[in-house]
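Enquirer: Sharing a structure below in structure tokens format, with a few things to ask.
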Amino acid sequence: MVCKACGHINQDNMAKFCSACGSELQQDTQNNVYQQNVTPQPPPQYVPNYLIFSILTAIFCCLPIGIAAIIKSSQVDKKIALGLYDEAITASRQAKTLNILSAVIAAVFTVFYLIIIVIASVGI
Amino acid sequence: MRAISIKKRTVIILLSFAAAALLALLYFFEPVKGGIFPPCPFNYLTGLYCPGCGTLRGIHSLLHGNLLKAMDYNILMVLSLPLVFYLYLMELGIKIKGKPLVKTRPFSKTFYTITITVIVVYWILRNVNIFPLNILAP
């Protein structure tokens, strides 16, 4: 919230005193709501949504996991739009995990298939 | 501009090389004959087609300049390539330069809904063995 004495924007909305000048902050609920809705904080860091991998997974690899991954990717964007960066980071990690999981499944299947091909061509 | 992590840059470069290697393999080997390319696990187990069935054959056709044949194998794959390429440029920009080369994120909820719906509907329709739906099958 904004300090009325010096104009510093305090990140902690529940703070009693301004972190810049130390004067007492007035807990104005309306002002609080205004601050949260109209001036969202910029993202603390870039939050990837891994959408490219989610789409590749859904179409070309493992459909159910891919759909779940696209939903997680969409949640990343949704949470960023709402300013909920911690939840965006959580969704981002989940999307990443789902995509890695499907990549592992695809890799295991491919290796398994190649082994069978080799065995068949050797003729055991 | 944020500091770019070397690890992230390495990952995207390695993935790019892996994709290029796969494309080279697909250019020289024909997946129709099987060989080194695995069949679709879903198709192998159930006999039904998944949304990705025909992708390897389709990309092989595309690399040899046969767009129509590629669309016959998997039209969704062909149509999704521009989107995939666009997202790739976005990721590449973020990981190499620290900012997107192309910018639209965050995508809207409608975009995600359409994406999921298209994939699922395509998956169902290509398994219906009635003309004209059966041309969607690979």
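Chains A and B are the protein sequences, given in the same order. Note that our numbering gives residue 81 to position 74 of the first sequence, counting from 1, and the numbers run on in steps of one. Note that our numbering gives residue 355 to position 6 of the second sequence, counting from 1, and the numbers run on in steps of one. Cβ coordinates follow ideal geometry from the N, Cα and C atoms, glycine included. For clarity, every value in this text was computed on a predicted model and none was experimentally measured.
Taking 8 Å as the threshold, find out whether the stretch 90 to 100 of chain A comes into contact with the stretch 465 to 476 of chain B through three or more Cβ pairs.
Expert: Too few Cβ pairs lie closer than 8 Å, so no.
Enquirer: If the criterion is Cβ atoms closer than 7 Å, does the pair Y57(A) and K103(A) meet it?
Expert: Yes, they are a contact pair.
Enquirer: If you follow the alpha helix (DSSP H) that C111(A) is in, where does it begin and where does it stop?
Expert: Note on residue identity: the sequence assigns Val, not Cys, to residue 111(A). Element bounds for V111(A): Y92 to V129.
Enquirer: Any idea if F60(A) is buried or exposed, counting beta-carbon neighbours within 10 angstroms, 16 or more meaning buried?
Expert: Buried, by the Cβ-count rule.
Enquirer: Would you mind working out which of K444(B), F377(B) and G403(B) sits nearest R475(B), comparing C-alpha positions?
Expert: Closest by alpha carbon: G403(B).
Enquirer: Using a Cβ cut-off of 9 Å, pull out every chain A residue sitting near T404(B), in sequence order please.
Expert: Near T404(B) (Cβ distances below 9 Å), the residues of chain A are I66 and F67.
Enquirer: By DSSP, does I473(B) sit in helix, in strand, or in coil?
Expert: Looking at I473(B) - three-state DSSP - the assignment turns out to be helix.
Enquirer: With distance defined between alpha-carbon atoms, name the residue in Y471(B), F480(B) and P481(B) nearest to L397(B).
Expert: Minimum Cα distance to L397(B) is reached at Y471(B).
Enquirer: Within the continuous alpha helix (DSSP H) that includes L425(B), where are the two ends?
Expert: First-last of the alpha helix (DSSP H) with L425(B): I424 to I445.
Enquirer: Please report how far the alpha carbon of Q82(A) lies from the alpha carbon of K448(B), in whole angstroms.
Expert: Cα to Cα, Q82(A) sits roughly 21 Å from K448(B).
Enquirer: Taking M426(B) as the query, report the chain A residues whose CB atoms sit under 8 Å from its CB, ordered along the chain.
Expert: Simply I66 and F67.
Enquirer: Can you grab the Cα-Cα spacing for the pair L372(B) / C25(A), in whole Å?
Expert: Their Cα atoms are separated by approximately 59 Å.
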